[in-house]
Amino acid sequence: MSNFIEDFELRFEKQLPSELLSCEEKNKTLLLAVSGGSDSIAMLVCSLSLIKNPIFENKYKNLNLKVVTVNHKIRSEEESLGDCLFVKKLCESNQIPCFIENAKENEIKNLSVERGMGTEESARFFRYSIFKKIALQEKADFIFLAHNKDDQLETLIQRFFQGSTGNSSLGIPQKRDIFYRPMLEFSKKEIYQYLEEKKVEYRTDATNFENDYLRNKIRNLVIPCINENFNGWESALLK
Numbered sequence: 031m032s033n034f035i036e037d038f039e040l041r042f043e044k045q046l047p048s049e050l051l052s053c054e055e056k057n058k059t060l061l062l063a064v065s066g067g068s069d070s071i072a073m074l075v076c077s078l079s080l081i082k083n084p085i086f087e088n089k090y091k092n093l094n095l096k097v098v099t100v101n102h103k104i105r106s107e108e109e110s111l112g113d114c115l116f117v118k119k120l121c122e123s124n125q126i127p128c129f130i131e132n133a134k135e136n137e138i139k140n141l142s143v144e145r146g147m148g149t150e151e152s153a154r155f156f157r158y159s160i161f162k163k164i165a166l167q168e169k170a171d172f173i174f175l176a177h178n179k180d181d182q183l184e185t186l187i188q189r190f191f192q193g194s195t196g197n198s199s200l201g202i203p204q205k206r207d208i209f210y211r212p213m214l215e216f217s218k219k220e221i222y223q224y225l226e227e228k229k230v231e232y233r234t235d236a237t238n239f240e241n242d243y244l245r246n247k248i249r250n251l252v253i254p255c256i257n258e259n260f261n262g263w264e265s266a267l268l269k
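According to the numbering used here, the sequence shown holds residues 31 to 269 in order.
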């Protein structure tokens, strides 16, 4: 194992909620929300390492991992269902229960109209309701989400442009109810390197390269411009 991989996984452990550190004596169930993208696949691989990697000295032997993946049906069926089947295959190879939840045809579109939301926000509302349902069904202690440091930076910029104030301007919280984000301290670059060194494949959402949504405009247009002109802006913004 390379030093980078070991360091990455030890850093991941440090981000765990304190309640999981007691699973050596008591079983804990962890529900992972996995889309098939690099961030959630890295989160899944790190969670598996907690159980399998000797550096953790069997501290997490009683940690029960389960995965939920959602087909929103707002992209092509080949891509959207393909992501879910990719996740399921990876879970099966590691003996992890995997729940595939499918939206009904036009469910996200109808939800957008009913709640006065955009497509992206409606999809988020739908999948979080699914996460809560499966967590309740499986008696999960936590639901892990794979938002990373780059997501945090994009969110802070997005909320600035949207005129957010108060708590809503503070970005993505690490913990809210049973939702927990252990990847917030990792950059996208580190995540890519981790998966490359572990030789783990992942899926890429083609819509990430389209600029139809504000977040994508920030990721693809605004941040590259800031990177080119301002060094150290990331740490300043996070502070």
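Each residue gets a CB set at the ideal place from its N, CA and C atoms; glycine is no exception.
So what's Val-97 in DSSP terms, helix, strand or just coil? Translated into the one-based positions of the sequence shown, residue 97 becomes position 67. The answer is strand: DSSP assigns Val-97 an E or B state.
May I ask you to verify whether the segment 138-158 touches the segment 113-126, counting CB pairs closer than 8 Å and requiring at least 3? no
To the nearest angstrom, how far is it from the Cα of Lys-98 to the Cα of Val-64? Within the sequence shown, numbered from 1, the residue matching residue 98 stands at position 68. Within the sequence shown, numbered from 1, the residue matching residue 64 stands at position 34. Looking at the sequence itself, residue 98 is Val, so the reference to Lys does not match. Roughly 6 Å separates the two Cα atoms.
Beta-carbon proximity list for Ser-198, same chain, < 7 Å, skipping 5 on both sides: Within the sequence shown, the letter at position 168 stands for residue 198. So the list reads Arg-189, once near-sequence residues are dropped.
Range covered by the beta strand (DSSP E) that runs through Thr-59: Sequence index remark: in the sequence shown, residue 59 carries index 29 (1-based). Element bounds for Thr-59: 58-63.
My understanding is that Lys-247 touches Glu-215, with C-beta atoms under 8 Å, so please give their C-beta distance in whole angstroms. Locating residue 247 in the sequence shown gives position 217, where the first residue counts as 1. Locating residue 215 in the sequence shown gives position 185, where the first residue counts as 1. Contact flag wrong, Cβ pair sits at about 25 Å.
Given 8 Å as the limit, is there contact between the segment 197-212 and the segment 82-97, that is, 3 or more CB pairs closer than that? no
Use the C-beta contact count for Phe-239: other C-beta atoms within 10 angstroms, 16 or more gives buried, fewer gives exposed. Within the sequence shown, residue 239 is the residue found at index 209, counting from 1. Exposed, because fewer than 16 other Cβ atoms sit within 10 Å of the Cβ of Phe-239.
In chain order, what residues of the same chain lie with their CB nearer than 7 Å to the CB of Ile-130, ignoring the 5 residues before and after it? Walking along the sequence shown from the start, residue 130 turns up at place 100. The answer, listed in chain order, is Thr-99, Asn-101, Cys-114, Lys-118.
Suppose contacts are defined by Cβ-Cβ distances below 7 Å. Is Ala-170 in contact with Leu-61 by that definition? Looking up residue 170 in the sequence shown gives position 140. Looking up residue 61 in the sequence shown gives position 31. Yes, Cβ-Cβ distance for Ala-170 and Leu-61 is below 7 Å.
Can you tell me whether DSSP reads Asn-33 as helix, strand or coil? The residue given as residue 33 occupies position 3 in the sequence shown. Helix.
If Ala-72 and Tyr-243 are in contact, beta carbons under 8 Å, what's the gap, nearest whole angstrom? Translated into the one-based positions of the sequence shown, residue 72 becomes position 42. Translated into the one-based positions of the sequence shown, residue 243 becomes position 213. Not quite, the Cβ-Cβ distance comes to about 23 Å (not below 8 Å), so this is no contact.
Taking the C-alpha atoms as reference points, what is the distance between Gly-67 and Thr-195? Stepping through the sequence shown from its first residue, residue 67 is reached at position 37. Stepping through the sequence shown from its first residue, residue 195 is reached at position 165. Their Cα atoms are separated by approximately 31 Å.
Who are the Cβ neighbours of Leu-111 in its own chain at under 7 Å, not counting the five residues just before and after it? For this step, residue 111 is matched to residue 81 along the sequence shown. Here the set comprises Asn-101.
Residue interval of the alpha helix (DSSP H) (run including Asn-238): Taking the first residue of the sequence shown as position 1, residue 238 is located at position 208. From DSSP, Asn-238 is part of no alpha helix (DSSP H); its letter is neither H nor E.
One question on the structure: do Pro-127 and Lys-96 come within less than 7 Å of each other, judged by their Cβ atoms? Residue mapping note: residue 127 aligns to position 97 of the sequence shown, counting from 1. Residue mapping note: residue 96 aligns to position 66 of the sequence shown, counting from 1. A contact, by the Cβ cut-off of 7 Å.
What are the uninterrupted segments assigned as alpha helix (DSSP H) that are 4 or more residues long and contained completely in the segment 174-249, given in chain order? 179-191, 218-228, 244-247
Bounding residues of the alpha helix (DSSP H) (the contiguous stretch that carries Phe-155): Taking the first residue of the sequence shown as 1, we reach residue 155 at position 125. From DSSP, the alpha helix (DSSP H) with Phe-155 extends over 149-168.
Closest to Ile-173 by C-alpha separation, out of Leu-267, Asp-181, Leu-51, Lys-205, would be which residue? Position 143 of the sequence shown, counting from 1, holds the residue named residue 173. Taking only the C-alpha atoms, the option nearest Ile-173 is Lys-205.
If you draw a straight line from the alpha carbon of Arg-233 to that of Lys-218, how long is it in whole angstroms? As a working note, residue 233 is residue 203 in the sequence shown. As a working note, residue 218 is residue 188 in the sequence shown. When rounded, the distance between both Cα atoms is 14 Å.
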